[in-house]
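Please read the structure below before turning to the comments.
Numbering (the numbering used here), first residue to last: 8 to 696.
Structure (structure tokens):
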């Protein structure tokens, strides 16, 4: 199970590298040209490997169950998860029937490109057993990534109480805003693709431009090892994603038979669990092979875990869509090629992407929002938000809701749509929103507002003639709303309400906090105190091991302690409370160390934490990452983008950090889909090998 079938052909159609041209622009971004789509796939694999081969390998090591060989215990945990969710099994079972011949050729070509790079750069290979990879390995990586993005890790950790360590950095969120001609000053259409994701690692962004004579001409972002653009624009259309809070995963407690080991009752019949000892491999001291065997279980519901708490005979099963579907990568590929909304909607009809909101705009004046995903058709009469009875076929769903059932908004009369990880029932002006009444409550959509959604509503309602500059100001806004909602499920308003006279030891810090204007620009002194207080508050709450801190009634003592720690931090490292946010919060890579604005849950969000040799400063690790602003005009489409660091993850490349200056000053670089201009201004033009 841990490796692909050796008889599988790595690439059925051999790609000639001379048919692929990689054009690097002045920012190092690859513009990849090929006669066919598979040519482009080969070129994308090669270019991405040139820029970030290590991260790509980490993704595929996990997919092939080999992460333990490189990452030790942490890698073994994800290797176990890959086998537990049967990611490779579902790909092997569905590949021939479910994947189109066209996309099989595309995947084969990508695999060939990556294998060719590995062969010629063998010193960069982390694990010799990893290569060659094939198409099934690629799709297995997608199944695993989709599972984790759909919050599988949260469920596993709840059952295991932290035994399974996260392999990928936790997803944070994203923004997407679109306006059509009704909302703009001159009839143009605007799209904000604004991901808030990890700045480094397997879920960080890589920018590329894919062009073929088969119809590809799309610029956007993907994760390292991705085979097409995940969000971007082809000049006619554009789309972005945000993570949606939908009840995608169900957890069941099995009714175990006390007289028969590993049997549970299902519809009154004692039924065997499927039990297997899976092999997890690692290396002691980096070179001594070690194989550990660990039991894995499956019930009729799916992957099953034995709880580490309470009754030792408690077993929980999980069931969700992301490990039942392997066509998500192909759906993205079809979205890349769509030239209008009809074709884009046809791609969505595949219903293969297991999660994500979609925010869409095009040059034809269409805007569209959908809280997309594989949402089960569930029986009424159960609380699907809680642990479910795992002893009845009534809770064993087998189908997913159709696309038309899912909350969505098309061309609202007010001319705008947005999602910032808020409720899908608040995606536009109130009268145009998808109606809560009548929708299937078992779908489990969140009804939440957040600070970003409140701020969008504050800024958008008073302007019916947005210029593109207005639109960019909205996107880069650094202010929390007038009434601050919970951040990380923590109510910071409590700190604002504490009377400084009652807390003389922190009165000066409290007064700074309470005079904050909610703006998190680089100059804000007050934002620094609030940010550190929030950081220490979260640490204190996490230390108490609360699983749902939104339900915790925190005492003033814990708020007082968090402010004390914030004050102590500032005095220890800065010798003053008067510390501008840009001095505290930094964007750091290599020798570059720059001041950084932003705050959790503002529109231009930033998440930071102390780091080694930081001397008390906070280093950004997630938040504003790949940004693409698309302006559909009457005669042309203008594209502005920026990434947090640069196009390359190679410290020796001049493009390792050359976008940091733009990024920290809320500026962008101009991009184009125009071939003549791209070749004219190219820094380098070459063929892969």
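Glycine included, each C-beta is placed from N, C-alpha and C at the ideal position.
Between the region 36 to 52 and the region 107 to 126, can you find at least three pairs of beta-carbon atoms closer than 8 Å? yes
Spatial neighbours of residue 493 within its chain, please: C-beta separation below 6 Å, excluding the five flanking residues on both sides. none
Could you check where the beta strand (DSSP E) with residue 281 kicks off and where it finishes? 281 to 291
In the DSSP assignment, the alpha helix (DSSP H) including residue 515 goes from what residue to what residue? 514 to 521
Considering residue 44, what are the terminal residues of the alpha helix (DSSP H) in which it resides? 44 to 70
Under DSSP, the alpha helix (DSSP H) around residue 108 begins and ends at which residues? 108 to 127
Buried/exposed call for residue 597, threshold 16 Cβ in 10 Å: exposed
Helix, strand or coil, according to DSSP, for residue 339 in the structure here? helix
Which residues in the same chain have their Cβ closer than 8 Å to the Cβ of residue 126, if we skip the five residues on either side of it in sequence? 138
So which of 234, 313 and 488 has the shortest CA-CA distance to residue 48? 234
Can the beta-carbon of residue 422 be found less than 8 Å from the beta-carbon of residue 141? no
Taking the Cβ atom as the reference point for each residue, do residue 589 and residue 614 lie within a distance shorter than 8 Å? no
Range of the contiguous beta strand (DSSP E) that encloses residue 238: 238 to 240
For residue 15, I'd like the list of residues in its chain whose CB is within less than 7 Å of its CB, leaving aside the five on either flank, ordered along the chain. Legend: pLDDT at residue 15 = 42, less than 50; position of this residue unreliable, value from coordinates given subsequently. Hits under 7 Å: 141 and 143.
Range of the contiguous beta strand (DSSP E) that encloses residue 610: Neither: residue 610 is in no beta strand (DSSP E) and is coded neither H nor E.
Among 335, 321, 310 and 460, the one whose alpha carbon lies nearest that of residue 327: 310
So, using beta-carbon positions, are residue 134 and residue 76 closer together than 8 Å? yes
Give, in chain order, every unbroken run of the beta strand (DSSP E) that is at least 3 residues long and sits entirely within the region 360 to 399. 364 to 369 and 374 to 378
For residue 409, is the classification buried or exposed, using 16 other Cβ atoms within 10 angstroms of its Cβ as the cut-off for buried? exposed
Proximal residues to residue 554 (C-beta, below 6 Å), its chain only, five neighbours per side dropped: Caution applies to residue 554, whose pLDDT of 46 falls short of 50 and renders its modelled position unreliable; the value that the coordinates give is listed next. Around residue 554: no qualifying Cβ.
Helix, strand or coil at residue 138 [DSSP, three-state]: coil
How about the region 648 to 666 and the region 56 to 73: do they share at least three Cβ pairs that are nearer than 8 Å? yes
Quick check on residue 396: buried or exposed, where buried means 16 or more other Cβ atoms within 10 Å of its Cβ? exposed
Closest to residue 428 by C-alpha separation, out of 183, 227, 282 and 678, would be which residue? 183
Helix, strand or coil at residue 263 [DSSP, three-state]: strand
Looking only at DSSP bridge pairs, what is residue 426 linked to? 183
Which class does residue 320 belong to by DSSP, given the choice of helix, strand or coil? coil
Distance check for residue 213 and residue 204, CA to CA, integer angstroms please. 12 Å
Determine, using beta carbons only, whether residue 573 and residue 539 come nearer to each other than 8 Å. yes
Could you tell me if the beta carbon of residue 447 falls within a distance shorter than 7 Å of some heavy atom in the ligand NAP? Absence of the ligand NAP from the depicted structure is noted, as is the absence of any ligand whatsoever, leaving it without description.
At which residues does the alpha helix (DSSP H) containing residue 592 begin and terminate? Counting along the chain, residue 592 falls outside any alpha helix (DSSP H), though it belongs to the beta strand (DSSP E) covering 592 to 596.
State whether the region 195 to 202 contacts the region 233 to 247, with contact taken as three or more CB pairs (one from each stretch) at a distance under 8 Å. yes
For residue 382, count the other beta carbons within 10 Å of its own beta carbon; 16 or more makes it buried, fewer makes it exposed. Which is it? buried
Any idea what DSSP makes of residue 224, helix, strand or coil? strand
List the whole-angstrom C-beta distance separating residue 449 from residue 387, where the pair is believed to meet the contact cut-off of C-beta under 8 Å. 7 Å
Alpha carbons only, please: which of 477, 469 and 93 is nearest the one belonging to residue 636? 477
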